[in-house]
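What follows is a short report on a single structure.
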Ligand code: CAA
C-alpha cells in the first residue's frame, strides 16, 4: 500500500519586511542578507496571529466536507506552542469545527517535529488505511532585534494531509535518523526568543545531514544521481545550499546541475518568508513541487529534516501521477502581502500579551477574513473564525 502526502497548503501573515532595508537599518551590506544568508523578504507576524491561528489558516482551505469525515487525527507540530499543557491541536479542532470524535495532540522537537508527525501518521495509516491524518507545522521564528539571528526570523504554517493512495508523494517506509544532545539552539520556558550558537548550529546541520544521507544511500543502495531533487530544512536558504554543496562532488556534472536547479526552485518561497522552524522543510518541498519545471511522476525526492538539539532524519518518496493537480502557485498569495517599515516591524515584534490575567484586545493588524487572535482575558486566548 502506498502512503504519503495527499494534500499540502501554506499560510503566513499579511506583512513582510524587505531584507535589504533591514540590512541598511542594521549597518550591514544588503548582499550579506540577500546573498550571504539568502533571504529577500521576511514574514512579520503581528500579535493577532500565533502558532494556532497560522495553523488554522493553513489547514482551513483543505477541509472539504468529505475530508472532514475522513480525518480522525490532528497533530500540531510546533516549537512556539502557546501552552505548556494543553495542545494547540485542541484549539485547532475547535476553530476548524472538526468532529469531537478525532484525537488531537502536539509534538515538539525544534524544527524536526513535523517529520516525527509524518512518521507517526504513516505507521498509523498502515494499520488503519481508510483514515487520514491532518498535520500542521506551525511556528514563529524569533531571535530578537539587533541579533545575528535577526535576518533568519520569519513564520508561518504548512498543513499536510497524510493518507493511503496519496495524490502528491508516496513515501518510502525506510529512513535514517541521528540524535545527539547538543546545545546549538534552544529556548528555555521563560524565554520568548531562541538562544543560539549560530555558527556551531550550521556546522552541526551539515554534519548531521552527511551522516543520515550517507547511511540512507548505503542502506538502500542509492546514489546522489538517483534523486531528482533534495528538499532541505531551510532556516535560511543559504543553509540548504551549503549542505547540498557538501555532497555534490560525489556525482557527475549533469546530476549536479539538476540538483542545483531544483534547489533554486525549492528555496523560492522560503526566500520570501524566512524561517518557519518545523514547517520550513515542507515549505521547501511545496516550493520545489510548484516551481521546478522538469519534475515528473515517478521521480524520487529526498527530504532532510533537522531539529536543533538535535534530531535529524532523511527519507524519500516518489512523485505520484497527478501531483501537479494537487498544487497551486503561492507566488500570487505572497505578492498580495503588505510591506511594513522597520519601526512598525520593531513595534509588532515587541508587543506582547499581558501575563497577569488582565484583558487586552487587539485593534490593528487584524484581517477578519482569516482566523485571528482577538486578544486575551483572564489568561485565556480569544480566537476568532473568519467573518
Ligand atoms: N555579500 C555576500 N555575502 C556576504 C556578505 C556580502 N557583503 N557579507 C557576508 N556574507 C556572507 C558570509 O560570507 C557568510 O557566508 P557563508 O555562511 O557561506 O560563509 C554569510 O554571509 C553569513 O555571514 P556571517 O556568518 O558573518 O553572519 P553572522 O555571523 O552575522 O550570522 C548566522 C549568520 C550564524 C546564520 C545567524 O544569522 C544565526 O545565528 N542564525 C540563526 C541560527 C540558524 O539559523 N542556524 C541554522 C542551523 S540550526 C537549524 O537549522 C534549526 C533552526 O531552524 C534554527
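Numbering (my numbering), first residue to last: 75 to 461. Positions of the beta carbon are idealized from the N, C-alpha and C atoms, including for glycine.
In this chain, the beta strand (DSSP E) harbouring residue 151 covers 145–151. Only exposed fits residue 328, as fewer than 16 other CB atoms lie within 10 angstroms of its CB. Judged by pairs of C-beta atoms under 8 Å, the region 234–251 does not touch the region 341–351, as fewer than three such pairs exist. By the Cβ neighbour-count rule, residue 429 is exposed, with fewer than 16 other Cβ atoms within 10 Å of its own. Within the region 86–158, the complete beta strand (DSSP E) runs of at least 3 residues fall at 89–92, 115–118, 145–151. Residue 252 is bridged by DSSP to 386. Put simply, the region 297–311 does not touch the region 405–414. Fewer than three CB pairs are less than 8 Å apart.
Taking 8 Å as the cut-off, the C-beta of residue 343 does not count as close to any heavy atom of ligand 1.
Rounded to whole angstroms, residue 148 and residue 254 show a C-alpha spacing of 28 Å.
The beta carbon of residue 99 sits no closer than 8 Å to any heavy atom of ligand 1. For residue 119 against residue 272, the beta-carbon gap comes to about 21 Å, at or over 8 Å, which does not count as contact. Residue range 374–381 is occupied by the beta strand (DSSP E) that includes residue 377, with no alpha helix (DSSP H) assigned at that position.
In this structure, the beta-carbon distance from residue 210 to residue 387 does not fall below 9 Å. Bridge pairing for residue 243: 79, 393 [DSSP].
In this model, residue 83 and residue 194 are separated by some 20 Å (Cα to Cα). Taken through DSSP and simplified to helix, strand or coil, residue 210 comes out as strand.
In this structure, the alpha-carbon of residue 156 lies about 43 Å from that of residue 295. Ligand 1 has no heavy atom closer than 8 Å to the beta-carbon of residue 214. Exclusion of the five residues before and after residue 244 leaves 76, 77, 78, 391, 392, 394 as the residues of its chain whose Cβ lies within less than 8 Å of its Cβ. DSSP, read as helix, strand or coil, puts residue 447 in strand. Counting along the chain, the unbroken beta strand (DSSP E) around residue 234 starts and ends at 228–238. The C-beta distance from residue 132 to residue 382 rounds to 23 Å, too long to meet the 8 Å contact threshold.
Here the alpha carbon of residue 126 sits roughly 7 Å from the alpha carbon of residue 166.
The C-beta distance from residue 128 to residue 163 rounds to 14 Å, too long to meet the 8 Å contact threshold. In this structure, the straight-line span from the alpha carbon of residue 300 to that of residue 375 is close to 9 Å. Not one heavy atom of ligand 1 lies closer than 8 Å to the C-beta of residue 286. A buried status is given to residue 199, since no fewer than 16 other beta-carbon atoms sit within 10 Å of its beta-carbon. Taking 8 Å as the cut-off, one finds no heavy atom of ligand 1 near enough to the beta carbon of residue 95. Note that the C-beta distance between residue 114 and residue 92 is below 9 Å. Residue 164: not part of any beta strand (DSSP E); member of the alpha helix (DSSP H) spanning 162–169, first to last residue. Inclusion of residue 151 and residue 190 in the CB contact set at 9 Å is warranted, their separation being smaller than that value.
Inter-segment contact for the region 335–342 and the region 100–109 is absent: fewer than three beta-carbon pairs are separated by less than 8 Å. Excluding the 5 residues flanking it on each side, residue 246 has same chain C-beta neighbours closer than 7 Å at 389, 390, 391, in chain order. Secondary structure note for residue 318: it is in no beta strand (DSSP E), and the uninterrupted alpha helix (DSSP H) holding it is 311–321. Membership of residue 407 in any beta strand (DSSP E) is not indicated; the residue belongs instead to the alpha helix (DSSP H) covering 404–409.
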